[in-house]
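Numbering (our numbering), first residue to last: 381 to 433.
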Amino acid sequence: MMEFVAFGVITILIIWLLADQCNKWAKDRNARLNGEVEEPEDGYLVRLWKRRR
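So this is what it looks like as structure tokens:
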């Protein structure tokens, strides 16, 4: 029973973190398209992705 609870908590945490990161990307993109920000700072996941490439 506890393994199902742990699985659910971990799944919700991953989904919440991914949604938070997507929200940051959307805000950065909207600001860039509106001309409010020239080049926004990359989020943690973006920096990780660029480092791997």
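Even for Gly, the Cβ is constructed at its ideal location relative to N, Cα and C.
In this text the structure is predicted, and so the values were computed from the model without any measurement.
is_contact[residue i, chain D] using C-beta, thresh 8 Å
i    : result
E383 : Considering every chain present, this structure includes no chain D. It has just one protein chain.
First and last residue of the uninterrupted alpha helix (DSSP H) at residue i
i    : result
R409 : M382 to L413
R431 : Y424 to R432
Cβ neighbours of residue i in the same chain (closer than 8 Å, five flanking residues each side left out)
i    : result
D422 : K430
M425 : In the sequence as displayed, the identity of residue 425 is Leu instead of Met. Counting only Cβ-Cβ distances below 8 Å, and skipping sequence neighbours, we find Q401.
Same chain, Cβ closer than 6 Å to residue i, neighbours up to 5 away in sequence not counted
i    : result
L413 : none
W405 : none
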